[in-house]
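Trainee: Mind looking over this structure? Questions follow.
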Amino acid sequence: MWSGILPAVTTKFKEDDSLDHAEMERCFGLQIDAGVDGLIVAGSLGEGPMLTQEERIDVYRTAKAAAGKRPVLVTVAEASTTAACAMAKKAAQAGADGLMVVPSPIYHTDARETEANLRAIAAAGDLPVMIYSNRVAYRVDVTPQLMADLADDARFVAIKESSDDIRRTTEIINHLGDRYAVLTGVDNLAFEALSVGATGWVAGLVVAFPKETVAIWQLMQAGRRDEALAIYRWFRPLLDLDVSTYLVQNIKLAEALAIKSTERVRGPRLPLAGERRAEVERVIRAAIETRPSLPTLEIAA
């Protein structure tokens, strides 16, 4: 159902910490103009856990207005199943095209609990679901066997594979064939995942460098692997910024430098400072200075 480049977009704030819908509209528009295949709001990069459920729906509405016919997914990442089901219902009522669901990020569920949690959320929202499997950040591993156990519910349509083990993409495909769309969720494993059969990329640095991200995907689809790899090699130092405790601050700084956006974050986060900021800024500026020329590619409307 979902494939290609789906940015996990950032949430923009004004100086008073309220939502900056005008800036989000501008930034989301840059993604759509570059040819992305959909948007995902209120994820980890979107500071979803720092937003109220009502704010998440407001961000969704702004994204949907920018996305037009392209799908917009709302992230569900709640400590309790009750709260997650409530969020899923609100997203459905607002017209969301689907959900990206994180198993409980606070209590580290076992396989039985994870299955029950995911089934309850899917039933509550009654929308297509992308399961976010990220054992590194959330300590809950949605294994290929668990995916097989959930396969009888047609609402589960896709996996955001973020185990940080490139072998997992092949394991899912070997175990389940094409039952699920498998999208990589680790920026600095994207080329590798696409090379072994991933059908898309839930991307982070795309929010600052949309054209380069889309170019890698489209070149891979066209069989122009060497051209895609050349861009990816240039991109790698930037993509490493996504695999960090400070990914939100890192990527918002990239947006500030590359697309002239803001880097405001919601507390307890603070913008980068000191030596850490200097190093991240060095990486971003070096990439901007050596930005590659992109081949001519058709971008689907």
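For the sequence shown, our numbering gives the first residue as 18, with consecutive numbering after it. Where a beta carbon is used, it is the ideal one built from N, C-alpha and C, also for glycine.
(1) Could you please give me the residues that DSSP links to Asn151 through a beta bridge?
(2) Among Ala239, Ser261, Gln235, which has the Cα closest to the Cα of Gly52?
(3) Between the C-alpha atoms of Val203 and Ala139, what's the straight-line distance to the nearest angstrom?
(4) State the DSSP-derived secondary structure class of Thr27, mapped to helix, strand or coil.
(5) Let me know the secondary structure DSSP gives Ala318 once reduced to three states.
(6) Taking only three categories from DSSP, how would you classify Glu178?
(7) Taking the beta strand (DSSP E) that Val76 belongs to, which residues open and close that run?
(8) Is it true that the CB of Thr27 sits closer than 7 Å to the CB of Val76?
(9) Starting from Trp234, trace the alpha helix (DSSP H) both ways and give me its first and last residue.
(10) How long is the line joining the alpha carbons of Lys228 and Ala175, rounded to whole angstroms?
(11) State the CB to CB distance for the pair Ile190 and Gly217, rounded to an integer number of angstroms; the pair is presumed to be in contact (CB under 8 Å).
(12) Using the C-alpha atoms, what's the distance from Thr279 back to Lys31?
(13) So, under 8 Å CB-CB, Asp259 and Leu222 are touching, yes? Tell me the CB distance rounded to an integer number of Å.
(14) Does the Cβ of Ala318 have 16 or more other Cβ atoms within 10 Å, making it buried, or fewer, making it exposed?
(15) Once DSSP output is grouped into helix, strand and coil, what is the label at Gly217?
(16) In the DSSP assignment, find the alpha helix (DSSP H) that holds Leu289 and state where it starts and stops.
(17) Within 10 angstroms of its Cβ, does Ile22 collect 16 or more other Cβ (buried), or is it exposed?
Mentor: Taking the geometry as given:
(1) Along the sequence shown, read from residue 1 onward, the residue named residue 151 stands at position 134. Beta-bridge analysis with DSSP links Asn151 to Val157.
(2) Stepping through the sequence shown from its first residue, residue 52 is reached at position 35. That would be Gln235, whose Cα lies nearest to the Cα of Gly52.
(3) Your numbering for residue 203 matches position 186 in the sequence shown. Your numbering for residue 139 matches position 122 in the sequence shown. Cα-Cα distance, rounded: 24 Å.
(4) On the sequence shown, residue 27 is found 10 positions in, with the first residue counted as 1. DSSP places Thr27 in coil when its eight states are reduced to three.
(5) To locate residue 318, count along the sequence shown from 1; it is residue 301. Because Ala318 carries a pLDDT of 39, less than 50, the predicted location of this residue cannot be relied on, and the following value inherits that uncertainty. Three-state result, Ala318: coil.
(6) Numbered from 1 along the sequence shown, position 161 holds the residue referred to as residue 178. Residue state, collapsed to three classes: strand.
(7) Position 59 of the sequence shown, counted from the first residue, corresponds to residue 76. Premise fails: Val76 lies in the alpha helix (DSSP H), 70–84, not in any beta strand (DSSP E).
(8) Locating residue 76 in the sequence shown gives position 59, counting from the first residue. Locating residue 27 in the sequence shown gives position 10, counting from the first residue. With contacts defined by Cβ atoms closer than 7 Å, Val76 and Thr27 do not form a contacting pair.
(9) Stepping through the sequence shown from its first residue, residue 234 is reached at position 217. Per DSSP, Trp234 belongs to the alpha helix (DSSP H) from 227–238.
(10) If you number the sequence shown from 1, residue 228 lands on position 211. If you number the sequence shown from 1, residue 175 lands on position 158. The alpha-carbon of Lys228 is positioned some 24 Å away from that of Ala175.
(11) The residue labelled residue 190 in the question sits at position 173 within the sequence shown. The residue labelled residue 217 in the question sits at position 200 within the sequence shown. No, Ile190 and Gly217 are not in contact; Cβ-Cβ is about 13 Å, not under 8 Å.
(12) Here residue 31 refers to the residue found at position 14 of the sequence shown. Here residue 279 refers to the residue found at position 262 of the sequence shown. CA-CA distance, Lys31 to Thr279, rounds to 9 Å.
(13) Position 242 of the sequence shown holds residue 259. Position 205 of the sequence shown holds residue 222. That pair is a contact at about 6 Å.
(14) Locating residue 318 in the sequence shown gives position 301, counting from the first residue. A caution first: Ala318 carries a pLDDT of 39, below 50, which makes its placement in the model unreliable, though a value can still be read off. Flag for Ala318 reads exposed.
(15) Taking the sequence shown and counting its residues from 1, one reaches residue 217 at position 200. If DSSP states are grouped into helix, strand and coil, Gly217 belongs with the strands.
(16) Counting from 1 along the sequence shown, the entry for residue 289 is found at position 272. For Leu289, no alpha helix (DSSP H) run applies, since DSSP gives it neither H nor E.
(17) The residue you call residue 22 lines up with position 5 of the sequence shown. Classification for Ile22: buried.
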